[in-house]
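Mapping to the working numbering: the first sequence position 21 is 248, numbers consecutive. A short write-up of the structure that comes next.
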Amino acid sequence: MTVRTRFAPSPTGFLHIGGARTALFSWAYAKKHGGQFILRIEDTDVARSTPAAVQAIMDGMHWLGLDYDEGPFYQMQRMETYKKVLQSMLDAGTAYYCYSSKAELEALREAQTLAGEKPKYDGKWRPEVGKLLPAIPADVKPVIRFKNPQTGVVAWDDLVKGRIEIANSEMDDLIIARADGTPTYNFCVVVDDFEMGITQVIRGDDHVNNTPRQINMLMALGATIPQYAHLSMILGGDSQKLSKRHGAVSVMQYHEDGYLPEAVLNYLARLGWSHGDAEIFNRQQFCEWFDLAHITPSAAQFNTEKLNWLNAHYIKEANIDALASDITTRLASMSIEVTLQPKLQDVLGLYRERANNLNQLANDIVYFYARPQANVADVDKHLTPDIKPILLELADSLSTIEWKAETIHHEINELVTKHALKFPKIAMPLRVILCGIAQSPSIDQVMALLGQQETLARIRLALKA
RNA sequence: GUCCCCAUCGUCUAGAGGCCUAGGACACCUCCCUUUCACGGAGGCGACCGGGGUUCGAAUCCCCGUGGGGUCGCCA
228 MTVRTRFAPS PTGFLHIGGA RTALFSWAYA KKHGGQFILR IEDTDVARST
278 PAAVQAIMDG MHWLGLDYDE GPFYQMQRME TYKKVLQSML DAGTAYYCYS
328 SKAELEALRE AQTLAGEKPK YDGKWRPEVG KLLPAIPADV KPVIRFKNPQ
378 TGVVAWDDLV KGRIEIANSE MDDLIIARAD GTPTYNFCVV VDDFEMGITQ
428 VIRGDDHVNN TPRQINMLMA LGATIPQYAH LSMILGGDSQ KLSKRHGAVS
478 VMQYHEDGYL PEAVLNYLAR LGWSHGDAEI FNRQQFCEWF DLAHITPSAA
528 QFNTEKLNWL NAHYIKEANI DALASDITTR LASMSIEVTL QPKLQDVLGL
578 YRERANNLNQ LANDIVYFYA RPQANVADVD KHLTPDIKPI LLELADSLST
628 IEWKAETIHH EINELVTKHA LKFPKIAMPL RVILCGIAQS PSIDQVMALL
678 GQQETLARIR LALKA
């Protein structure tokens, strides 16, 4: 049987880190087994679903490179199917109409909670042999409930958590169609997973409690039960649950924040899954290695430091032209236009090893394309009066040499020797003048890239002030 | 409260009864490299939640406790 997995988000917001990981694992599992990965949009909550959210989810998946083989399927476009199945269950007696009103149900719940009981539907309208049902109230539109078995247990071997058993007595008859006739989540999932031939349901931990109900419905429909794998949740850096209100951000936010998709993907893969001591692996390698057996059943805390480390790695590895293109965009958003000289690729060659973030990288190299505002503290510390004449001397000698890092280095060394100084005594003020701050790569290489004319101009301008 | 799930360094994790004096990675600390800051290299610090069992032997299996989380919607 070919593997078929799905990612089934509800379009009520962006694709956040937890959803992205669920999608990633489902996708990888399908890839690993040569199967199909299906995208299904669960939009039956009409009030909260938006097209913008659908787009945001697809954007996030695209950025991470999670392509789907089928879909997107929209549940709202599958109403006919659901209605048909609903009717068949009604006919088969595995579902029934319930005329308890919302208010009635609410009162029931309240009373049960007050009595310290687990809130459950009381089965008022559940048909039983020999049971007399109440008179149908004229003013209530009925919902449809699934007739859940009342005895025995539902069990499945969760691919992540192992065997899970839940007693049917713990469950009540859930509503599968609202009073307006529209089907509800648990029902749609069951019908879709069945009809789409899903073989492995890989989803969040929060669905564990839905699983026995879904299995019961699947059985009522005579369907084969898929395998289930429940992924534990991702916690924020403060070990608190990630939610819209607390720390959950769109995966696209990571793009904006200067992360490479390769880094985010690698990081997410390693969060709750492992392959021995492997830490760094690309998309393809991950697909080859991925298995459900090595997923951790416990929750994992998000750690930005490690993401940064991976990001640094992928920045070093990135194709230089692709990197240049990305950085050009980021510089443009700072109103910095990249000129032909110095060549951005060369500048990045000098700087990429020092960066763990694309925004930081862009920010660090701005001075190549715009004269920097020198940091005052650095000026005071390094551009001391005694060094100014020597720098002027340097500017003069530099004006006649062949412009290469080696020759520049040679000239500085000459001066260092002549005045019996240490190299940094000259290098540091040069950094301040040329870069605006006292930290930079090798100063001769910086000068070589910056160009003779611009370098000398900046030095002379600074000394005049 | 109910039911369900989870529990190894600060964090992510390896670990399928002896290979564990518990391994790797991030972070942190020290040293080296060095022209500053990074990068890189070499070291270091640092954990099996507690208690009972089972076993010749338990991080690993079982039970209890504790702690954390999820769930109990005409939301998904």
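Where a beta carbon is used, it is the ideal one built from N, C-alpha and C, also for glycine. Please read these numbers as outputs of a predicted model, since none were measured by experiment.
Give the straight-line distance between the Cα atoms of residue i and residue j, rounded to the nearest whole angstrom.
i	j	result
Glu307	Ser560	48 Å
Lys631	Met674	8 Å
Gln302	Val476	26 Å
Cys415	Tyr309	7 Å
Glu269	Pro236	6 Å
Gln304	Arg267	11 Å
Lys649	Val643	6 Å
Met479	Asp286	8 Å
Gly424	Arg231	7 Å
Thr378	Ile393	11 Å
Ile635	Asn493	42 Å
Gly240	Leu469	14 Å
Glu532	Glu564	31 Å
Thr193	Asp591	Residue 193 is absent from the structure shown; the chain starts at 228 and stops at 692.
Gly245	Val435	16 Å
Gln680	Ile628	12 Å
Asp400	Pro364	20 Å
Asp407	Asp433	27 Å
Val593	Gln512	36 Å
Leu625	Leu251	55 Å
Glu638	His609	20 Å
Thr451	Ala382	14 Å
Gly576	Glu483	22 Å
For residue i, does the count of other Cβ atoms within 10 angstroms reach 16, so buried, or fall short, so exposed?
i	result
Val660	Reading off the sequence shown, one finds Ile at residue 660, where the question assumed Val. Ile660 should be labelled buried.
Ala601	buried
His457	buried
Phe529	buried
His521	exposed
Arg191	Not covered by the structure: residue 191. The range shown for the chain is 228 to 692.
Val356	exposed
Asn640	exposed
Ala496	buried
Lys645	exposed
Gly464	exposed
Val417	buried
Ile547	exposed
Pro569	buried
Beta carbon of residue i, beta carbon of residue j: below 8 Å?
i	j	result
Asn413	Asn395	no
Leu558	Ala582	no
Leu683	Phe595	no
Lys652	Ile614	yes
Lys543	Arg579	yes
Ala527	Gly503	no
Ser717	Ser525	No answer is possible for residue 717: the residues shown for the chain start at 228 and end at 692.
Thr229	Gln263	yes
Phe517	Lys329	no
Ser327	Trp352	yes
Arg430	Thr249	yes
Ile403	Ala322	yes
Leu690	Leu619	yes
In the structure shown, what three-state DSSP assignment does residue i receive?
i	result
Gly431	strand
Gly389	strand
Gln467	coil
Pro488	helix
Asp384	strand
His260	coil
Ile403	strand
Phe414	helix
Asp426	Residue 426 is actually Thr in this sequence, not Asp. In this structure, Thr426 counts as coil in the three-state DSSP scheme.
Phe241	coil
Tyr578	helix
Arg231	strand
Val370	strand
Leu558	helix
Ile617	helix
Gln680	helix
Ala589	helix
Ile686	helix
Leu458	strand
Tyr326	coil
Ala601	coil
Ala250	helix
4-residue-minimum alpha helix (DSSP H) runs that sit fully inside the segment 622 to 671, ordered along the chain: 632 to 645, 650 to 662
Any alpha helix (DSSP H) of 4 or more consecutive residues that is wholly inside the segment 264 to 318: 278 to 291
At what residue ranges does the segment 475 to 553 contain a whole run of the alpha helix (DSSP H), taking only runs of 4 or more? 478 to 483, 488 to 497, 510 to 516, 531 to 544
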